[in-house]
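In my numbering, the protein residues as written are 25 to 767. Using N, Cα and C, we set each Cβ at its ideal position, and we do this for glycine too. Here the structure is a predicted model, which is why all the values come from computation and not from measurement.
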């Protein structure tokens, strides 16, 4: 226990890890803090959360610490100096992810009693944690609505992981469910559906004395942690170290004081130990579910999974697992259950709720099996079915498919395998239609580490080099000198014949960085960000442009640069002014320079799309950001699941904006690229090419599919598709049109 009245020690850390303190970094912090007797607290200064126990993985998650956030770690007790030194060393090593992602560390009032006094009541129980982090309410996620009817045994979900599968239904409901066999029809007697149940008969639950309950709960938690570590080792040995971290983080959760203290308190009040653990986990999961960050909210399933595992141990039950190759159906399949299923017995995962960031879905991708999320009504409907077929790319689920449907899915699976082989075989030839009309395929990258994969997939250059990683790893803005090296490395990797388009830092607004000194904004996505920052901090963008000039000169290439969030002619003129000022400053130093900087703008705001003809006369190229263009054009926040039907960039309203942008660019004689998600979608690639877009930039992993899609159509077919898409009533119709060309 900490010594009463002892002054504390504190440090502040700006977290540079891409996923913040989620996953391995958070687990490493918890493990480090748990090794000291002192009270150790964490505050997310960026979000303004109250101090919470840093020995609790739950509290780390609930703090919502993301990349660029600044946290304060305070230690108070007999070994506080050693504790702070250990945390400082951990942060310097990137919280277990390497020095390359080490954040800025500053001493915050050593021997300060003020900070500690404000943090003497860490949030270690569900009630306190909820109050401390006060997450804002968010729209209910997919699966929370009433289940619809299931016409024709077909349910439409959302894609989670690509692939085709069919087989027996295995419904995971609850570890305490009673085995249920659903009678099968004459044609399906060998594939009856089952509901997940325990492997042994559960003993009768009973309440225990408070001391006894605490002992058995903590012993069961230790056993659960050991099981999860064993599962993590199994995944790690299969060559999936990142997936193993999911189970490693759950092992830390199993000993979480927020979970165990709450469970012990409930048991002392009369609940059985197993029920107490389950209820405590459900309470903590509810807090995470309401976090406004979808990635962190998806971790609620992890907490409930850990609670269920401890409860099974307390009841003497085994994990519910299928006994034959099956497709798992669940509301949200626990990640440890997905891993514990023996190899070959899990053919696919179909979830009624969940999200694409759910750990079960991430694990499915790693295992190479299909996954679907958001299939409303699936669990109830599947409980009365024997077999199921699913398409992870389209989100389609069919229950008890007849011979014709099964043949259709089998044909899809064979076609998918063939398409993947054929697409990979096209890498060594330029992307073009079947009649030779070229479309340039570029890669989107987030830093120098992504160049190898882009080159392997035969990217013809980089259409979007995101530079935010340089700006979000620190408490102070990066200097010009610090930026030159990463730019130079990327330029040299692609050489003079493959362009690299550097996007000026898209920071500010929703990316709260300490050195920007921006006031809170009610709607940061529409706030002071990107090119708009020049009004407050001109030097920030000027230094970046000078670094790009110098890096290009050293690599012997012509630099390509574009600015995001351009809305007006004045924004364009500001960009050109900053570019020319930067060149003059570098030239004044006597350093050699490229003759020019190819300068473009991202068109992602409807105002810029409307002004396309005027803007095109002033720049060298356009790059359309379809994600934000769709969000702003449809007035539909893309983080709101209830508005998903308005977030498809193939909506004719968005396509008409794109057609206008292309026309404005063509009139001025400049090229148009698309670097949003739509470019990486084969259907989207066809429609965009049909509208006259000549360059498509996407994640390197999408290039094979895009290249193959283009090779199967003629230029005339693409033009016809583009015109029909503009006249379509909705995005679904456009997708259907494109699907016919892809078939």
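Short check: CB of residue 273 to CB of residue 50, under 8 angstroms?
Yes.
Rounded to whole angstroms, what is the Cα-Cα separation between residue 171 and residue 401?
Note on residue 171: pLDDT 41, under 50, position unreliable in the model; the coordinate value appears next. The straight-line gap from Cα to Cα measures roughly 4 angstroms.
Classify residue 112 as helix, strand or coil using the three-state DSSP reduction.
Of the three classes helix, strand and coil, the one that applies to residue 112 here is helix, per DSSP.
Report the residue from 31, 63, 94 whose alpha carbon sits nearest the alpha carbon of residue 39.
Measuring from the Cα of residue 39, the nearest candidate turns out to be 94.
Is the distance from the Cβ of residue 46 to the Cβ of residue 277 below 8 angstroms?
In this structure, residue 277 does not lie closer than 8 angstroms to residue 46 by Cβ.
In its own chain, which residues sit with a C-beta less than 8 angstroms from the C-beta of residue 609, not counting the 5 before and 5 after it?
Excluding residues within five positions, the ones whose Cβ falls inside 8 angstroms are 566, 570.
State buried or exposed for residue 254, treating a residue as buried only when at least 16 other CB atoms are found within 10 Å of its CB.
So residue 254 ends up on the exposed side.
At the level of alpha carbons, what is the spacing between residue 728 and residue 335?
Going from the Cα of residue 728 to the Cα of residue 335 covers about 46 angstroms.
Straight-line CA distance for residue 527 to residue 412?
C-alpha separation (whole angstroms): 45 angstroms.
Please state the DSSP three-state secondary structure of residue 390.
Here residue 390 sits in helix by DSSP.
Quick one: grab the DSSP three-state call for residue 549.
DSSP places residue 549 in helix when its eight states are reduced to three.
If we count the other Cβ atoms within 10 Å of its Cβ and call it buried at 16 or more, is residue 131 buried or exposed?
Its Cβ having fewer than 16 others within 10 Å, residue 131 is exposed.
When the Cα atoms are used, what is the spatial distance from residue 593 to residue 98?
Near 49 angstroms, if we compare the C-alpha coordinates of residue 98 and residue 593.
Between the Cα of residue 717 and those of 733, 699, 434, spot the shortest distance and give me the residue it belongs to.
Of the candidates 733, 699, 434, the one whose C-alpha sits nearest the C-alpha of residue 717 is 699.
Tell me which residues share the same chain as residue 853 and place their Cβ nearer than 7 angstroms to its Cβ, disregarding the 5 neighbours each side in the sequence.
Nothing in the structure corresponds to residue 853, since the chain is present only between 25 and 767.
DSSP state of residue 714, grouped into three classes?
Helix at residue 714.
How do the region 644-656 and the region 595-602 stand: do at least 3 beta-carbon pairs fall below 8 angstroms, yes or no?
The region 644-656 is not in contact with the region 595-602.
Whole angstroms are fine: how far does the CA of residue 627 sit from the CA of residue 669?
Distance between the alpha carbons of residue 669 and residue 627: 22 angstroms.
Quick one: using the 10 Å Cβ neighbour count with 16 as the cut-off for buried, is residue 279 buried or exposed?
Classification for residue 279: buried.
If you reduce the DSSP assignment to three classes, tell me which class residue 621 lands in.
Looking at residue 621 - three-state DSSP - the assignment turns out to be coil, as it is neither helix nor strand.
Could you check the C-alpha separation between residue 423 and residue 442 for me, to the nearest Å?
Approximately 26 angstroms between the Cα atoms of the pair.
Ordered along the chain, which non-local residues of its own chain (more than five positions away) have a Cβ less than 8 angstroms from that of residue 161?
Any reading at residue 161 is ruled out, since the residue's pLDDT is 32, under 50, leaving its predicted position unreliable.
Note down, in chain order, each residue of its chain lying with its Cβ closer than 6 angstroms to the Cβ of residue 346, except the 5 sequence neighbours on either side.
Same-chain partners within the cutoff: 194, 369.
My assumption, with CB atoms under 8 angstroms, is that residue 708 sits in contact with residue 653. Please give the rounded CB distance.
Between residue 653 and residue 708 the Cβ distance is about 13 angstroms, and since that is not below 8 angstroms, they are no contact.
Using the Cα positions of residue 414 and residue 383, report the straight-line distance between them to the nearest angstrom.
Using only the alpha carbons, I get a separation of about 19 angstroms.
Could you compute how far the alpha carbon of residue 62 sits from the alpha carbon of residue 78?
Their backbone Cα atoms lie some 11 angstroms apart in a straight line.
Would you report the Cα separation of residue 108 and residue 499, rounded to the nearest angstrom?
For residue 108 and residue 499, the distance between alpha carbons rounds to 19 angstroms.
Let me check one thing: in DSSP terms, what residues is residue 415 bridge-paired to?
In DSSP, residue 415 forms a bridge with 188, 420.
Can you name, in chain order, every residue of its own chain whose Cβ lies under 7 angstroms from the Cβ of residue 577, other than the five neighbours on each side?
Result list for residue 577: 615, 616, 617, 618, in chain order.
So for residue 472, helix, strand or coil by DSSP?
Helix, per DSSP.
Across the region 354-368 and the region 322-333, are there enough close Cβ pairs to call them in contact, namely three or more that are closer than 8 angstroms?
Touching, per the Cβ criterion.
State the start and end residues of the unbroken beta strand (DSSP E) segment that holds residue 694.
Neither: residue 694 is in no beta strand (DSSP E) and is coded neither H nor E.
Within the same chain, show all residues whose beta-carbon is closer than 8 angstroms to that of residue 611, passing over the 5 residues directly before and after it, in chain order.
If we look at residue 611 and ignore the five residues flanking it on each side, its Cβ neighbours are 617.
Determine contact between the region 428-435 and the region 180-193, defined as no fewer than three beta-carbon pairs at a distance below 8 angstroms.
Touching, yes.
Could you tell me the alpha carbon to alpha carbon distance between residue 453 and residue 466, rounded to whole angstroms?
Whole-angstrom Cα-Cα distance: 14 angstroms.
Taking residue 182 as the reference, which of 710, 522, 429, 376 has the closest Cα?
Comparing Cα-Cα distances from residue 182 to each of 710, 522, 429, 376, the minimum goes to 376.
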